[in-house]
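Counting with the numbering used here, you get residues 98 to 239 for the letters of the sequence shown.
Even glycine gets a Cβ: it sits at the ideal position worked out from N, Cα and C.
Working notes, structure below.
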Amino acid sequence: MSQQIRPTITNGKTGVGSFGVAIMPDGTADSLRAVIKPDGFHFEAYDFDDLTLPSLKLQSPIGSEYTISFDDDGALLVNGIKYTAPTNQDDETIKGDKTYEGQTKLSGGLQLLSPNGTVFNVTVDDDGKLTAEKEETNGDTK
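Here it is in structure tokens:
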């Protein structure tokens, strides 16, 4: 199936049908194509082949507006800020070097691994004293 392209308009004609129900946007002296009829819209795929949307503006149910677009590298932008998918899955492993700015709060505990893989549980008391204890499993030391 070959892709259709919009016909070149020569000796163009446009108009509204005799009952005001049809619009012929790319008609020629020989033929007119009805796009809007009483039974609906009759677009062809080629009607949109040169459509470019720099962004889309969406509105939330309470009226907040959000602009969706892409940067030159194809990254998704929401209100001009690069979108980063949330990583809130349980039991997740995140690899690679990370740099955090601002405060990072941990709840539920902190475990650190020694170079040989020994697990240490790190706690802090109400005076700010840090303690690292080797984790034990079933009474055995890892």
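- Within the same chain, and ignoring the five residues on either side of P151 in sequence, the residues whose Cβ sits closer than 8 Å to its Cβ are S166.
- Between T228 and T234 a beta carbon distance of about 19 Å is seen, past the 8 Å cut, so the two are scored as non-contacting.
- K179 is positioned such that its CB atom lies closer than 8 Å to that of D168.
- Judged by beta-carbon spacing, V216 lies within the 8 Å limit of L210, meaning their Cβ atoms are closer than that value.
- Boundaries for I159: no beta strand (DSSP E) harbours it, and the DSSP string shows neither H nor E there.
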